[in-house]
Every structure is written in C-alpha cells, then in structure tokens.
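Worksheet: the structure to be examined is printed underneath.
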Amino acid sequence: MRSLIKNPLLRAVLAAASLGALAFAANASAGMITIYKNDLDTVDSRAQIHQVPPNANCVRGGSPDAFRFALGAKAKECFYRVPMVGQNLQVSAVARIFQKTPIKVLKRTYAGVSLRQSTDGSRYQLVVWPYTRRFGLRKVQPDGQILNFGSRKAGNKVNGPDKANRLTLRAFNGPKGAAQVIAWVNGHKVATAGDAQGTSLVGRDTTLSIGAKAAARGAIGSFSGIRVAIPDPY
472 MRSLIKNPLL
482 RAVLAAASLG
492 ALAFAANASA
502 GMITIYKNDL
512 DTVDSRAQIH
522 QVPPNANCVR
532 GGSPDAFRFA
542 LGAKAKECFY
552 RVPMVGQNLQ
562 VSAVARIFQK
572 TPIKVLKRTY
582 AGVSLRQSTD
592 GSRYQLVVWP
602 YTRRFGLRKV
612 QPDGQILNFG
622 SRKAGNKVNG
632 PDKANRLTLR
642 AFNGPKGAAQ
652 VIAWVNGHKV
662 ATAGDAQGTS
672 LVGRDTTLSI
682 GAKAAARGAI
692 GSFSGIRVAI
702 PDPY
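Structural data, given as structure tokens:
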C-alpha cells in the first residue's frame, strides 16, 4: 500500500463537503487525484484488506501477487473492504474470475467494486460476469431492493474467465444531493446514471467482491491494482 497524500482518510472525508460546484468529468482519469494505491502484490499490502458484512463463508489466500479468495458453502457474495472511506470517490481495481470455478457456478459468477457500502449491504456497485461478457451497474438499497442503472452484454469490452478486467466506478454528489454514477470496464465507459436520491446511501466503505445471484460455492477469483481517487479540485 502507498498513500500519495498526507492523511488520505481525512482528505477523502473532507472532500465530501466541498463538491457543491463539481463538474463531472467523462474520462476516468480526468479531473481526479489518486489518494490510494495498492497493487496487492505483497503480504503486507494484502493484510490491509479485510472482510466486511454481509458476512459469508470465504477463504482467502493462494496467490503471491494478488488478493485471491474463494466462496465456501452457502456463500452468495464475499465483500472485502479497501482502507479508504468517503462519499465522493472513484475506485478502480483489476479483477479475475478463474476458469477453475465449477462450470455451473462460473456461468453466474461476477466480480465487483462498490462505493458507499454500509453494514446492511446497501451500496453503488459495478459488476462484470466474465463468462457471459456482461456488466451491471446498480444501487442496492438498505432494504435489499436493487435499482438497475444498466445491465447488458458488452462484447469484447468485458474479458472472459482467467483474464483481467479493470473495473472503475465513480459516485459523486452534486449541489442538490443528486448523484452521478459512472462505470468503466477496461477503459470503456459502459454506463452513466443520475440518482436523484444520492444522499440515501449513508455508508462510506469501498469494497471488492465476488458473488452470484444464487449460492456460488467454489467461485474463485482475485483482485489487484486498486486505485482510489477524489475530484480535483477537492
């Protein structure tokens, strides 16, 4: 792990209070300041990532150069928190779902990144299903209701099993509390959504996950190359 600015946690929190006149950039790197990097390629760097609720049976480990984990019995999704909190953030990470996942599970397994996650599971989330080359951008409400902002096949924009997919998710609030949520997969902007209820998510966690709609025992994958950014000016 390497922080690029002094006291990045405080910086990220303070950023949430100073976005009244924010102009939303369309490019994933435009107008952004990276405040956290973690390539997850050492024991110490992987030790910064911890499982968070909703709890599930997850087994981590097995790779010297990435954060790797598998889903156990009855698990539908395993969430791991990145040590960076805040409301107006952008997260990016490289995800892989491995071909060794049992084929019935592989067909429905996704990798995801989330912002504003709370202990009740509410969040903004971008996911990709490598086997079917699909993506999904959604808002999970505190009561579990899912609001889909976009879900469709993305062709070659999404890479298949065993291959890397860089997922980038941005959620910024504007002057009146409405949120603009943007998703990129491998540098391609795949979805943009406006959420008039942008203040309804009270969580501040940033997470990585592997999951499926149904139980996904045996699903296995990894993450690397985490980047967290805030708007410039902040």
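Heads up, the sequence shown is in the working numbering, so the first residue is 472 and it goes up one at a time.
Just so you know, even glycine gets a beta-carbon here, dropped at the ideal spot from N, CA and C.
Since the model is a prediction, treat every value here as computed from it, not as a measurement.
Where the beta strand (DSSP E) through residue i begins and ends
i      : result
ASP666 : 659-666
VAL562 : 560-568
LEU577 : From DSSP, LEU577 is part of no beta strand (DSSP E) but of the alpha helix (DSSP H) over 574-577.
ASN644 : 636-644
MET555 : Segment: none, MET555 is in no beta strand (DSSP E) and carries neither H nor E.
Burial state of residue i, where buried means 16 or more other Cβ atoms lie within 10 Å
i      : result
LYS624 : exposed
ILE506 : buried
ASN619 : exposed
ILE617 : exposed
GLY533 : exposed
ASN644 : buried
LYS423 : A query on residue 423 cannot be resolved here, the shown segment of the chain reaching from 472 to 705 and no further.
PRO525 : exposed
ALA518 : exposed
ALA566 : buried
ASN509 : buried
ALA685 : exposed
ARG594 : buried
C-beta atoms of residue i and residue j nearer than 7 Å
i      : j      : result
VAL673 : ALA664 : no
ILE691 : ALA544 : no
THR639 : ALA499 : yes
SER693 : ARG579 : no
ASP676 : ARG552 : yes
GLN596 : SER585 : yes
MET503 : ALA700 : yes
Residue i versus residue j - alpha carbon distance
i      : j      : result
ALA564 : VAL530 : 20 Å
ALA582 : GLY669 : 24 Å
GLY615 : ASP703 : 33 Å
GLY621 : LYS660 : 12 Å
PRO535 : ARG609 : 32 Å
LYS628 : ASP512 : 26 Å
ARG605 : VAL562 : 20 Å
THR603 : GLY631 : 8 Å
Residue nearest to residue i in terms of C-alpha spacing, selected from the options
i      : options                           : result
ILE574 : PRO704, LEU560, ALA687 and THR513 : ALA687
THR572 : ASP515, ALA683 and PHE620         : ALA683
ALA468 : ALA541, ALA650 and VAL576         : In the structure as shown, the chain starts at 472 and stops at 705, and residue 468 therefore has no counterpart that could be examined.
GLN522 : LEU679, THR670 and MET503         : LEU679
ILE520 : PRO704, SER695, ILE701 and GLY631 : SER695
GLY648 : GLN558, ASN526, CYS549 and ARG539 : GLN558
PRO601 : ARG637, ARG609 and PHE550         : ARG637
Run of the alpha helix (DSSP H) containing residue i, from where it starts to where it stops
i      : result
ARG515 : Residue identity check: residue 515 is Asp in the sequence provided, not Arg. That run of the alpha helix (DSSP H) goes 514-517.
Closer than 6 Å: residue i CB and nearest the ligand ATP heavy atom
i      : result
VAL598 : Ligands displayed in this structure: none; no statement on the ligand ATP is therefore possible.
Below-7 Å beta-carbon distance, residue i vs any chain C residue
i      : result
LYS545 : Among the chains in the structure shown there is no chain C, since it carries only a single protein chain.
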